[in-house]
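J.: Protein chains in written order, with the working numbering: chain A, 1 to 551; chain B, 552 to 1102.
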């Protein structure tokens, strides 16, 4: 058995079922080993950013890692942005990065580069495997480490000679690190804060705390104490829809998040970071915690979220308090002038039970949370690390993790062009993904950000940097070019029909929605972009914003 | 004047005329500054790998740096592979990488990552600018450093607050580092070796030594002493064609390069690395210098190539020896069965005077050097770092550097799919680029490499990793989708006509050549892939190989 075979056996024994690949010469023995291991599915991608984004999406839905197979430092570089999103999502990913043979490194051949430094951007665990005898142990440790908690990106560098040499020894799965025990004193202190001032307290949920079970416990706490519930701005995976407790997402826009958080005296973190603004803006604070508000951590990234929330429920005596749940409420069939909002409404109108919604729609997806709030239960995956090009690859991974569930990937035109190669893998693997591209022919968000950062003097040349009208991108042709059936919608009725057809037909589909930019003409100094919490904002604020956005 | 304005002014004063951009919020003040600086052309790309690959191609042709504008660590990551190619090409590039405001970094916002470690993979010079007062000095140093020698990638990290704050001070251009003086004793020692054993000596030229002037000097030396001339495997920029001294490229394939180098007693490096195999293979040496052969360095990467060669010519008394030159000899119009070779022949048949040929055609471009050897004078740019996805972006940069010259970019189907977004920028900027995509529906090179590394046991699952037939990629639709006129050729005559039309019409064009894989059925244990030196190989070897490849 050579090193590659021992590696593959170890991965599979540890529960890895899928490997997203873009191999080169140094990975050939790993590729050859595929034919001896029927339990590992190798999913070819045409670009490494698709492989890593798919691994991220897979992990979010499967709660376990996929492997990636990448070609030296450059292949890892191409996959870095979506590994960044996975890192910020705190999900497990195991990278296998092929490298030159150990004896070849000193010759500085063309593809030689410093893989470790690239990996360090996204991985805390980096190991260069030194022998076939060791590689099984290394792989077992990589998988166990990736689970965390918190989930993380583990990068195993595989020299070609370690891969091809005989003497490979597979290793049994390593025990995973246990989640830290609940700290009873901390729970009691938080319970005390909630008893005394529940109405001026909020729970901020992130990471693993946005699933049905934890949302129910959090909702019991909220109902019992009067505390508010927030989700972090960009959830890794949020379970939502009819029958589940709704949760208000913090706004991307710091100015609005500050409104959401104002008046709080206690902010209780549950697998979430203390809120900060996405970017810095001249003269504005980065830390969004209101002055005088005390921040508590109920469950840190390495702690047991379910047990912590249960303990808090018990400490408060809220076991019998019923959680608030979202009533079923379909958005009506949209009609009239075709806008991005109508697309969101149509998604809400037609969303199938158990769908997985991947939202990278930027400005165009603003009202998506509103229109899908009462739709059948679904999962929402978002842009955790802010590195665009996540949506279509995430959809590939989610579809592979959850056969039988429809995936709906919403993407801006700018976003979709970072990793369009994902469409090819959707076609190749016949994945049930409906990709919706909002083609507003602009980096619309940057037009607003330009104003928001107070960049004065910007005129024609600057504006041209956000203008994608010349040439217009034809996503129908792009999709057809990669084997994905596609339609263009230029009317509300046409879009609804296209979506109905796509959802009714197995396999991948793309719908290009040609819509005006959502925020054109917006005079507000604040940006409602990505303000996906509109659905549950205080009504007057939500109404005011909606009027401002869609006049 | 804010920091961004001071930075831009400094870049322009130092001779930077083009900036390839893919900006985000943290770069907004740099973008806004564009409208005050008419001397800087901002070329928008839809993906950072296009921006960095364009900067590489620009530098190869302009002999000076373009700037890139990238969005934090993830944007730099997306651009890393083509910066790797630029690093290996030893050309100047100046990256401007926007970052969070200095006071924002500690909050670990979603896009926060360690930019320096990513940059280290490709840059020796990395600077985080700390104030608007300092940024001009930093930028001037970045540009001066990028020139080297050797040319290099300089990365300037630009925090958003340094960009937006007033107090910017532009800086005058810094003096560049001088090339090291010619070492007379070394020149004399090499002259002595050539006098004694010119017939068993060779000059290996790379980097800046593959231009007309240096090729002529090297050819004089070869003619005078009997020494052979080799170019490195992947030239940064090779001037070739009718009227210029021809040069034999070392083969990509180590086995064949060893044949080329066998019997040598002296190998004289001129801005080139001592030859090593591209990858390591089981049981094969990485160092390709024959046993007993002495390696001399006439000009290192930081030395004066022109002066060194002139000094050697003088030391040998070869000033009056005429260089050998390639006679003009057009490839005939190809006819008959359509193959990748016919595409190469058609390019040779029609190549316009002064064309720039970007070759990332992998296996399909095998005979390109043969068929273009006697074509009108042209420049050849190749895959210096082995990180595919270089060809189309390089063509963007070359076209911007050389308006009025036709650029012909040859790409494999696999290669073209790494950075297809380059087509959009070609259309947007109306660049005179004819992209030829060899669509053999395979990672053909990997089928051969699989055999070459001796990866046994590979069967259906492994082969599927190199098979791009399902779904077939339609490059005509992809090109149309990004605004580039395109045709598909499935016959030799059809291809010749399509190329004639494309060359006769200004602006970008794409021709998809649907061809069989070049190496199908090849039983050789050695791979002639990328053996672009066929043109000047000993005739029996060349003929034998040609028969083996195209039976």
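Just so it is clear, CB atoms sit at the ideal spot from N, CA and C, and this is done for glycine as well.
#1: What separation, rounded to the nearest whole angstrom, lies between the Cα atoms of residue 48(A) and residue 42(A)?
#2: Identify, in the order they occur along the chain, each residue of the same chain with its Cβ nearer than 7 Å to the Cβ of residue 885(B), setting aside the five sequence neighbours on each side.
#3: Ignoring anything shorter than 4 residues or poking outside the segment 757 to 832 of chain B, list the alpha helix (DSSP H) runs there in chain order.
#4: Could you give the DSSP three-state label for residue 572(B): helix, strand or coil?
#5: How about residue 325(A) and residue 245(A): are their beta carbons less than 7 Å apart?
#6: Please list, in chain order, the chain B residues whose beta carbon lies closer than 9 Å to that of residue 473(A).
#7: Can you look up residue 588(B) in the DSSP assignment and give me helix, strand or coil?
#8: Which residue spans inside the segment 694 to 729 of chain B form an unbroken alpha helix (DSSP H) run of at least 4?
#9: For the putative contact between residue 481(A) and residue 907(B), defined by C-beta atoms under 8 Å, what is the C-beta separation to the nearest angstrom?
#10: Give the interface partners of residue 457(A) over in chain B, defined as CB-CB distance under 8 Å, in chain order.
#11: Going along chain A, which residues have a C-beta under 8 Å from residue 625(B)?
#12: Counting only Cβ-Cβ distances shorter than 7 Å, please list the residues of the segment 163 to 189 of chain A near chain B, keeping chain order.
#13: Applying the criterion that 16 or more other CB atoms from any shown protein chain within 10 Å of the CB defines a buried residue, is residue 623(B) buried or exposed?
#14: Taking residue 116(A) as the reference, give the member of 98(A), 103(A) and 110(A) with the closest Cα.
#15: Shorter than 7 Å from the beta carbon of residue 579(B) to some beta carbon of chain A?
#16: Residues of chain B with a CB under 8 Å from the CB of residue 160(A): which are they?
#17: Just the Cα atoms here: how many angstroms apart are residue 163(A) and residue 132(A)?
#18: Please classify residue 1007(B) as buried or exposed, where buried requires at least 16 other C-beta atoms within 10 Å of its C-beta.
#19: When burial is assigned at 16 or more other CB atoms within 10 Å of the CB, is residue 27(A) buried or exposed?
#20: What residue does the alpha helix (DSSP H) around residue 306(A) start on, and which one ends it?
#21: Give every residue of the same chain whose Cβ lies closer than 6 Å to the Cβ of residue 1078(B), excluding the five residues on either side of it in the sequence, and list them in chain order.
#22: May I have the straight-line CA-CA distance separating residue 610(B) from residue 604(B), to the nearest angstrom?
#23: Evaluate the contact criterion for the segment 293 to 300 of chain A versus the segment 229 to 238 of chain A: three or more CB pairs, one atom per stretch, below 8 Å.
#24: Would the beta-carbon of residue 298(A) fall within 7 Å of that of residue 221(A)?
#25: Give, in chain order, every residue of the segment 113 to 135 of chain A whose Cβ lies closer than 7 Å to some Cβ of chain B.
#26: Within the same chain, show all residues whose beta-carbon is closer than 6 Å to that of residue 967(B), passing over the 5 residues directly before and after it, in chain order.
#27: I need the DSSP call for residue 329(A), collapsed to helix, strand or coil.
#28: Residues in the same chain with beta-carbon distance under 7 Å from residue 138(A), minus the five sequence neighbours each way, listed in chain order, please.
#29: Counting only beta-carbon separations shorter than 7 Å, does residue 101(A) have a partner in chain B?
#30: Taking residue 111(A) as the query, report the chain B residues whose CB atoms sit under 9 Å from its CB, ordered along the chain.
#31: So which of 580(B), 575(B) and 597(B) has the shortest CA-CA distance to residue 559(B)?
#32: Is residue 531(A) helix, strand or coil by DSSP?
#33: Anyone know if the C-beta pair for residue 1010(B) and residue 1061(B) falls short of 7 Å?
#34: Beta carbons nearer than 8 Å to chain A: which residues of the segment 796 to 807 of chain B have them?
#35: Assuming residue 427(A) and residue 1022(B) are in contact, meaning their beta carbons sit under 8 Å apart, how far apart are those beta carbons, in whole angstroms?
#36: I need the boundaries of the alpha helix (DSSP H) containing residue 10(A), first residue and last residue.
T.: Let me spell this out:
#1: Position 48 of the first chain, counted from the start, is the residue given in the question as residue 48(A). Position 42 of the first chain, counted from the start, is the residue given in the question as residue 42(A). When rounded, the distance between both Cα atoms is 14 Å.
#2: The residue labelled residue 885(B) in the question sits at position 334 within the second chain. 893, 896, 897, 900, 1043 and 1047, listed in sequence order.
#3: 763 to 776 and 805 to 812
#4: Counting from one through the second chain, the residue named residue 572(B) turns up at place 21. Three-state DSSP puts residue 572(B) in a strand.
#5: Taking the first chain and counting its residues from 1, the one referred to as residue 325(A) is at position 325. Taking the first chain and counting its residues from 1, the one referred to as residue 245(A) is at position 245. Taking 7 Å as the Cβ cut-off, residue 325(A) and residue 245(A) qualify as a contacting pair.
#6: Position 473 of the first chain, counted from the first residue, corresponds to residue 473(A). The contacting residues are 597, 975, 1032, 1033 and 1034.
#7: On the second chain, position 37 is the one that residue 588(B) refers to. Residue state, collapsed to three classes: coil.
#8: 711 to 715
#9: The count along the first chain starts at 1 and reaches residue 481(A) at position 481. The count along the second chain starts at 1 and reaches residue 907(B) at position 356. Not quite, the Cβ-Cβ distance comes to about 26 Å (not below 8 Å), so this is no contact.
#10: Here the question's residue 457(A) lines up with position 457 in the first chain. 583, 584, 586 and 587, listed in chain order.
#11: Taking the second chain and counting its residues from 1, the one referred to as residue 625(B) is at position 74. The contacting residues are 80, 81, 84, 385, 386 and 387.
#12: 164
#13: Taking the first residue of the second chain as 1, we reach residue 623(B) at position 72. The residue in question, residue 623(B), is buried, as its Cβ has 16 or more Cβ neighbours within 10 Å.
#14: In the first chain, counting from the first residue as 1, residue 116(A) sits at position 116. Cα-wise, what sits closest to residue 116(A) is 98(A).
#15: Taking the second chain and counting its residues from 1, the one referred to as residue 579(B) is at position 28. Closer than 7 Å: yes.
#16: Residue mapping note: residue 160(A) aligns to position 160 of the first chain, counting from 1. Here the neighbours are 830, 831 and 1004.
#17: Residue numbering aside, residue 163(A) sits at position 163 when the first chain is read from its first letter. Residue numbering aside, residue 132(A) sits at position 132 when the first chain is read from its first letter. Cα to Cα, the separation comes out at about 7 Å.
#18: For this step, residue 1007(B) is matched to residue 456 along the second chain. Exposed, because fewer than 16 other Cβ atoms sit within 10 Å of the Cβ of residue 1007(B).
#19: For the purposes of this step, residue 27(A) is taken as residue 27 along the first chain, with counting starting at 1. Buried.
#20: Taking the first chain and counting its residues from 1, the one referred to as residue 306(A) is at position 306. Start and end: 305 to 316.
#21: Position 527 of the second chain, counted from the start, is the residue given in the question as residue 1078(B). Here residue 1078(B) scores only 40 on pLDDT, less than 50, and its place in the model is too uncertain to base an answer on.
#22: By one-based count along the second chain, residue 610(B) stands at place 59. By one-based count along the second chain, residue 604(B) stands at place 53. Rounded to the nearest angstrom, the two C-alpha atoms are 10 Å apart.
#23: no
#24: Here residue 298(A) corresponds to residue number 298 of the first chain, with the count starting at 1. Here residue 221(A) corresponds to residue number 221 of the first chain, with the count starting at 1. Going by C-beta atoms, residue 298(A) is not nearer than 7 Å to residue 221(A).
#25: 113, 114, 117, 118, 120 and 121
#26: Looking up residue 967(B) in the second chain gives position 416. 988, listed in sequence order.
#27: For the purposes of this step, residue 329(A) is taken as the residue at position 329 of the first chain. Residue 329(A) falls in the strand class under three-state DSSP.
#28: Here the question's residue 138(A) lines up with position 138 in the first chain. Around residue 138(A): 127, 129 and 156.
#29: The sequence position of residue 101(A) within the first chain is 101, counting from 1. Output row for residue 101(A): interface = yes.
#30: Your numbering for residue 111(A) matches position 111 in the first chain. Near residue 111(A) (Cβ distances below 9 Å), the residues of chain B are 635, 639, 829, 830, 936, 937 and 938.
#31: In the second chain, residue 559(B) corresponds to position 8, counting from 1. Of the listed residues, the one whose Cα sits closest to residue 559(B) is 580(B).
#32: The residue given as residue 531(A) occupies position 531 in the first chain. Caution applies to residue 531(A), whose pLDDT of 46 falls short of 50 and renders its modelled position unreliable; the model cannot decide the point.
#33: What you label residue 1010(B) is simply residue 459 of the second chain in a count that begins at 1. What you label residue 1061(B) is simply residue 510 of the second chain in a count that begins at 1. Result no, Cβ atoms of residue 1010(B) and residue 1061(B) do not sit closer than 7 Å.
#34: none
#35: Counting from 1 along the first chain, the entry for residue 427(A) is found at position 427. Counting from 1 along the second chain, the entry for residue 1022(B) is found at position 471. Indeed they touch by this definition, with Cβ atoms about 4 Å apart.
#36: The residue you call residue 10(A) lines up with position 10 of the first chain. First-last of the alpha helix (DSSP H) with residue 10(A): 3 to 13.
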